[in-house]
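Notes for the one structure printed next.
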Ligand code: T4K
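Residue numbers (my numbering): 1225 to 1631.
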């Protein structure tokens, strides 16, 4: 239970010695629950059947529901999106170098590195936070075999530009659509672009399987290959025809995914309501920009993304995050500091940041705020009030923060 105090009447921020706005930590990524009773019913059925994993009936049902929703021929459900990416990369026989955005969750790069393929980091488009197509072409070498675009925050990347570059250089394209389930691009559902696309159904995603992921594709042969790879390469009892791994989704995870899908429209409505409330609460604050979603397209609104422009705002992103965290609002600095500044890439390419100015800027400016069914409009109002108050008291906040670091 989250108890919000009325910060609008509180002059004193917690960072300045006031009471906490929230008694309990308010996380980014608090799971949406779906219908608890329906979930329990499905779990009971799993127990009755004694069929726990290995392509069980609920996994099959989940795959069919995803296929229908996305309008795609195949959904191959997996244990998480990282393994799903690895399997997609291997099934497509990518090798050598693959171009990826530097501004993404580290799993995008690691899924390549794990298979001894070199991720080559492209810079970002400042307006969309997605890979900047114009930076891709100059990174292509004779070793390049593919491009992985990421639909960051569920906002589609420029698939047309990426795919035309790929066609010109005979490269394969995969999309990391971890954030983009339920979203569309030019009226076509995400999941229908590139050779295949990968969704995440991690607990923190708006639709979750506790842990889960999937690759979707319209390519029959690719789907068949990935199904084999997901299950050690078994094509029936005692018959292994391919090197594979264990990427299977369990029945209990599929049950959660189905319950989550049942609640999908309610969850999107809650996210959208929160996004609207943040827009009202953060309006007219210099240097504070809430990223908007294109409401003419289908969106899941699962990330509340704020750019803090320190040349215009009274506090910078790190200062605002510190203020919020002191109030128990655990705002996140996704995807700071950028993949190129994490190991092993930081050691491989110590000067990569010189070629990634937009990634550097985004990593320094962005904060992600709590949303989802666990957050209500009053909570959003309080969070916005904290931000407003902190900006209006920036000299005192700065003094308190520097005192904290010197102690
Ligand atoms: N590609 C992209 C572009 C991605 O963003 C991701 C994952 C992937 C690929 C790989 O997908 P998976 O292999 O995970 O399916 C979180 C998520 O763990 C991660 O799935 C997600 N992206 C990323 C953007 O966010 P962390 O390390 O920042 O946060 P985490 O998992 O500790 O959770 C955040 C907060 O949520 C926690 O501090 C507390 C709260 N929480 C979390 C869990 C798991 C809960 O309240 N309950 C929970 O059960 O990565």
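Beta carbons: idealized from backbone N, C-alpha and C, even for Gly. These numbers come from a predicted model, not from an experiment.
With 16 other Cβ atoms within 10 Å as the buried cut-off, status of residue i
i            : result
residue 1519 : exposed
residue 1465 : exposed
residue 1247 : exposed
residue 1527 : buried
residue 1460 : exposed
residue 1241 : exposed
residue 1424 : buried
residue 1230 : Here the model assigns residue 1230 a pLDDT of 49, short of 50, so the residue's position is not dependable and the matter cannot be decided.
residue 1366 : exposed
residue 1453 : buried
residue 1384 : exposed
residue 1322 : buried
residue 1470 : exposed
residue 1613 : buried
residue 1264 : exposed
residue 1349 : buried
residue 1616 : exposed
residue 1450 : buried
residue 1548 : buried
residue 1283 : buried
residue 1551 : buried
residue 1516 : exposed
residue 1268 : exposed
residue 1572 : exposed
residue 1333 : buried
residue 1510 : exposed
Coil, strand or helix - residue i by DSSP
i            : result
residue 1425 : coil
residue 1399 : strand
residue 1625 : helix
residue 1619 : helix
residue 1593 : strand
residue 1270 : helix
residue 1226 : Note that residue 1226 has pLDDT 47, beneath the 50 cutoff, so the model's placement of it is unreliable and no number is given.
residue 1529 : strand
residue 1474 : coil
residue 1604 : helix
residue 1572 : helix
residue 1410 : coil
residue 1260 : helix
residue 1556 : strand
residue 1244 : coil
residue 1539 : coil
residue 1482 : helix
Any non-hydrogen atom of the ligand T4K within 8 Å of residue i CB
i            : result
residue 1424 : yes
residue 1260 : no
residue 1220 : In this structure the chain extends from 1225 to 1631, so residue 1220 is not present and cannot be described.
residue 1554 : yes
residue 1254 : yes
residue 1564 : no
residue 1436 : yes
residue 1558 : yes
residue 1405 : no
residue 1251 : yes
residue 1223 : No information on residue 1223 is available, as it lies outside the stretch 1225 to 1631 that the chain covers here.
residue 1354 : no
residue 1456 : no
residue 1374 : yes
residue 1524 : no
residue 1515 : no
residue 1313 : no
residue 1336 : no
residue 1469 : no
residue 1603 : no
Candidates the options, of which the one nearest residue i by Cα
i            : options                : result
residue 1543 : 1424, 1478, 1399, 1610 : 1610
residue 1480 : 1251, 1252, 1256, 1249 : 1256
residue 1486 : 1262, 1630, 1497, 1603 : 1262
residue 1401 : 1390, 1515, 1415       : 1415
residue 1363 : 1568, 1334, 1548, 1395 : 1395
residue 1303 : 1508, 1278, 1627       : 1278
residue 1605 : 1570, 1498, 1585       : 1498
residue 1483 : 1243, 1286, 1249       : 1286
residue 1388 : 1407, 1311, 1361, 1409 : 1361
residue 1618 : 1589, 1546, 1585, 1580 : 1546
residue 1522 : 1341, 1301, 1370, 1412 : 1412
residue 1598 : 1258, 1585, 1236, 1324 : 1258
residue 1603 : 1511, 1495, 1620, 1569 : 1495
residue 1337 : 1608, 1324, 1347       : 1324
Residue i at chain D interface by Cβ criterion, 9 Å
i            : result
residue 1361 : Of the protein chains in this structure there is only one, and it is not chain D.
Requested in this report: Return the chain-ordered ranges of every beta strand (DSSP E) run that is complete within the region 1416 to 1464 and spans a minimum of 3 residues.
Outcome: Whole beta strand (DSSP E) segments, 3+ residues: 1420 to 1424, 1437 to 1441.
Query raised in the report: Mind pulling the alpha helix (DSSP H) runs of 4 or more residues that sit fully within the region 1281 to 1331?
Result: Complete alpha helix (DSSP H) runs here, min 4: 1281 to 1294, 1305 to 1315.
Requested in this report: Note down, one range per segment and in chain order, each beta strand (DSSP E) of at least 3 residues found wholly within the region 1495 to 1521.
Outcome: 1512 to 1514
Requested in this report: Kindly provide the ranges of any alpha helix (DSSP H) runs that are 4 or more residues long and lie completely inside the region 1328 to 1378, ordered along the chain.
Outcome: 1330 to 1337, 1357 to 1360
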